[in-house]
């Protein structure tokens, strides 16, 4: 993507994935900003374009994530970040259910509006990481198998993500495990759900044809955005693997080396 | 199944599932024989019919399982028991691979012929129970994702089984989790694989049309047997749930309350 595609001059809003695009997570500390990304976000926000951050991050609360990104140097505020937890809470409330949370312990505060001492009749699954124990998986399974119409709400369905130690299993596999064992189909909130992308666009009042999503996950970022009518640009950072470029069922509207290069193209620098 | 079906008089060989048919596992001790099952096995073995035991049990070695059943009072010997571990070993040897074992610690000795210190290039998954940690799942995932053609050998693909504390997730869900994350398809050894049933029939020299499988798992015992041309009788013990009788995609050749009733019908008592 050396040349600037024609559609770049017709963009009013930009959706950015966070992990693998802004920074690489993993290890003890806050993670490491990806070369040029802090400056790229600053340039985007100084431009006439609108910007929102669309993440499937569920290992912590939304507030914790924003605080971490600010510490790393990114100019970002809570109301610019779209993540699956609020969407999951909406589904639970609409159905008047009581959730069993198979989520990361640090993400539990995002569900503080629910009384978790009541007997659960639905399951919310997120990127629980080390909380994906056999015991916790069985508790979720037993809630589902005891219901006539099991409700499994999955915060994303990613295959894997990248940490310092290599590729790590994301929530998607554990979601399919529960689907298989309990004989049910999960309701996915977050990317690649169309409602998730459209909610972020509505918030910045940008129509789909004037929006672009920049992400490292070819299926959930790029494929999900394109199915919603949004352009999708794949970065070669984060979980990107060369096979994504040669063998994927999704064809992005562009490949770039990193966020900085994407912003160069979109802003026409 | 009050009346004796006509096919019962034409049976030369009987395949028996173990857990949920002979005994209920779970808890601290060896488990509990199901009412009438010890006597039923004795009557079958005293008849002209041939008997083999076909189990997907992979929480312990085959020898340990046989010793436990003998302690419970069942007349059973090692060479009568067919379980997935020997079949998994055959696949690994045929492909000249080195396995990563995502199995129950008590089942590891069944794989003593392999040098487990070598870098693994395939994964064997069994009913690992508490060994299904996020860390172990990731180790298996990382072996698979690093291979151009990932080899995942699954010892069974059961959805769940019954223990004292209720229904527990079986290997099938965790198999699908790895399939989803690594983008591969597992090779299943054990039930419902046709080769597994046919191997047991060959061992007792009985043709498929003169054989019956008695089990509590409608998909893996009954469905698997029927797809191999073997009759399938569903017991209402073990993991059986009323939905299996009214809503299943599989229609058994008969339903019985327990193994004792099945043996009554087959022997024509």
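Protein chains in written order, with our numbering: chain A, 685 to 953; chain B, 685 to 953. Glycine is no exception: its CB is placed at the ideal position from the N, C-alpha and C atoms. Note that the coordinates shown come from a computational prediction; the quantities given were computed from them, not determined experimentally.
Using the beta-carbon of each residue, which ones in chain A are nearer than 9 Å to residue i?
i             : result
residue 845/B : None at all; the shortest Cβ gap to chain A is about 10 Å.
Distance cutoff 8 Å, beta carbons only. Does residue i sit that close to anything in chain B?
i             : result
residue 857/A : yes
residue 851/A : yes
List, in chain order, every chain B residue whose beta-carbon is nearer than 9 Å to that of residue i.
i             : result
residue 870/A : The premise fails here: residue 870/A is roughly 12 Å from chain B at the closest Cβ pair, so nothing lies under 9 Å.
Using a C-beta to C-beta distance shorter than 7 Å, which residues of chain A count as neighbours of residue i?
i             : result
residue 860/B : 860, 861 and 864
Flag residue i as yes if its beta-carbon sits less than 8 Å from any beta-carbon of chain E, otherwise no.
i             : result
residue 907/A : You won't find chain E in this structure, because its protein chains are A and B.
Kindly give me the distance between the Cβ atoms of residue i and residue j, rounded to whole angstroms, as I take these residues to be in contact under 8 Å.
i             : j             : result
residue 739/B : residue 861/A : Not really, about 22 Å apart at Cβ, beyond 8 Å.
residue 853/A : residue 822/B : 6 Å
residue 937/A : residue 916/A : 6 Å
residue 746/A : residue 694/A : Going by Cβ atoms, the distance from residue 746/A to residue 694/A rounds to 31 Å, so no, they are not a contact pair.
residue 863/B : residue 903/B : So it is not a contact: roughly 17 Å between Cβ atoms.
residue 753/B : residue 741/B : Incorrect: roughly 10 Å between the Cβ atoms, too far for contact.
residue 875/A : residue 905/A : 6 Å
residue 637/B : residue 896/B : Residue 637/B is absent from the model: chain B starts at 685 and stops at 953.
residue 771/A : residue 858/A : About 19 Å; that fails the 8 Å criterion.
residue 890/B : residue 726/B : Their Cβ separation, rounded to whole angstroms, is 20 Å, which puts residue 890/B and residue 726/B out of contact at 8 Å.
residue 715/B : residue 723/B : The pair is not a contact, with the Cβ atoms about 17 Å apart (cut-off 8 Å).
residue 829/A : residue 769/A : Between residue 769/A and residue 829/A the Cβ distance is about 25 Å, and since that is not below 8 Å, they are no contact.
residue 814/A : residue 818/B : 5 Å
residue 743/A : residue 811/A : 5 Å
- Scan the segment 804-831 of chain A for residues whose Cβ lies nearer than 8 Å to a Cβ of chain B and list them as they occur along the chain. 812, 813, 814, 815, 816, 817, 818, 819, 821, 822, 825, 826 and 829
- Item | Whole runs of the alpha helix (DSSP H) within the segment 751-781 of chain A, excluding any shorter than 4 residues | 768-778
- Item | Start-end ranges of the beta strand (DSSP E) lying completely within the segment 707-746 of chain B, minimum 3 residues | 734-738
- Message: Restricting to runs no shorter than 3 residues, where is the beta strand (DSSP E) found entirely within the segment 835-886 of chain B?
- Response: 836-839, 844-847, 850-853 and 871-873
- With a floor of 3 residues, list each beta strand (DSSP E) that falls wholly inside the segment 896-947 of chain A, ordered by position along the chain. 915-919 and 938-940
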